[in-house]
Amino acid sequence: MKFLGIGIVTAAISMLLGYFLEDWNLAFLIAGILGIVGVLWGLLFSGVLKGSGGMERMTSSERRKESARRNARMRNAFLFALPNLLAALAALWIF
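Here it is as structure tokens:
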């Protein structure tokens, strides 16, 4: 839940910057970039971007602690990205 809170804070900061600078395009860019980085971070930790060699680790031979750690990193990255992507959509709607 810490990463969700960090994502909400960064999304709020980007929206406040857009409000005070009266440039919602800037808020869209900041929140969108942070959201995309969070999604790419989650994909990187999930092992999807590693190709066929990286997929070998995600089998039954993988230890439970390693699998749990990998899944936690992936979940945390997506929890960070979600509020930022929603803020980017809100800034796009306002703009």
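With this note's numbering applied, the sequence shown covers 200 to 294.
Ideal Cβ placement from N, Cα and C applies to all residues, glycine included.
Cβ pair residue i, residue j closer than 8 angstroms
i                 : j              : result
phenylalanine 277 : glycine 241    : yes
glycine 234       : alanine 290    : no
alanine 210       : glycine 237    : no
glycine 206       : asparagine 270 : no
Run of the alpha helix (DSSP H) containing residue i, from where it starts to where it stops
i            : result
arginine 269 : 263 to 293
Own chain residues within Cβ distance below 7 angstroms of residue i, not counting five before or after
i              : result
methionine 273 : Gly241, Phe244, Ser245
alanine 287    : Phe227, Ala230, Gly231, Gly234
asparagine 224 : Phe294
Beta-carbon proximity list for residue i, same chain, < 6 angstroms, skipping 5 on both sides
i            : result
alanine 267  : none
arginine 263 : none
Close Cβ partners of residue i (< 8 angstroms) along its chain, the five nearest in sequence each way excluded
i              : result
methionine 156 : No answer is possible for residue 156: it lies beyond the span of the chain, which begins at 200 and ends at 294.
Handout entry: Complete runs of the beta strand (DSSP E) confined to the stretch 220 to 251 [at least 3 residues]
Key = none
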